[in-house]
Amino acid sequence: MQHLVVEKKQVTVTMRCRDQQVIKGDLFLSLMAKNHIGQETVLDFMNEPEEFFVLKVATAPSINIINKARIMEVSVALEVEAADLNREAMGIKEEPMTAVFNDNFKLSGKAYIDLPPEKSRTIDFLNQSERFFLLVTDHTAHIVNRRHISYVIPGR
1 MQHLVVEKKQ
11 VTVTMRCRDQ
21 QVIKGDLFLS
31 LMAKNHIGQE
41 TVLDFMNEPE
51 EFFVLKVATA
61 PSINIINKAR
71 IMEVSVALEV
81 EAADLNREAM
91 GIKEEPMTAV
101 FNDNFKLSGK
111 AYIDLPPEKS
121 RTIDFLNQSE
131 RFFLLVTDHT
141 AHIVNRRHIS
151 YVIPGR
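Structure representation (structure tokens):
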């Protein structure tokens, strides 16, 4: 019997959960993304339709199966998440904002809006159907769950 193995890349992340728990561990990402050229990103992974995912953690048991609905925000090093992305050359609009979560945690950064010009307002971006979006701070990419945001303060 042949065993097929799909090669994966381990990426270290920190997850903030709605019950105030912070989980550090490794996600397993595909070497090829489904919807764009290049490797799968944490944002791609979190926006996949599956409700549960595997996270490798340092403590026993080392493998946890986690419900995405529980995750408020995932932090990953910016160079890991967006190493190959030249947003300016792609015409993606940069929008500063502060996201205020249901637990009053505030996260300020820049969102990148890749929508048609007639639908590129912050409100249009926030009302997209994808569950998670990217919010970038100095050296960190934050994958933010729209469903846990209480309100957003636009930066302009």
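Heads up: the sequence shown begins at 1 in this note's numbering, then just goes up one per residue. We put the beta carbon where it would ideally sit given N, CA and C, even for glycine. Just so you know, these numbers come straight off a predicted model, no measurement behind them.
The beta carbons of L134 and L29 sit no closer together than 7 Å.
Of the residues assessed, A69 falls on the exposed side of the cut-off, its CB having fewer than 16 other CB atoms within 10 angstroms.
For the set H139, A82, D138, N127, the Cα lying nearest the Cα of G38 is the one of A82. By alpha-carbon distance to I92, the top candidate from S120, S62, R16 is S120. A distance below 7 Å separates the beta carbons of T140 and S75. Per DSSP, L126 lies in no beta strand (DSSP E); the unbroken alpha helix (DSSP H) holding it starts and ends at 122-126. Cβ contact annotation for I66 (same chain, cutoff 7 Å, sequence separation greater than five): F52, F53, L55, in chain order. The DSSP-derived three-state label of P117 is helix. In this model, N35 and E50 are separated by some 16 Å (Cα to Cα). The beta-carbon distance between R16 and M72, rounded to whole angstroms, is 5 Å. This is short enough to meet the 8 Å contact definition. Spanning the alpha carbons of V100 and K106 requires a straight line of approximately 5 Å.
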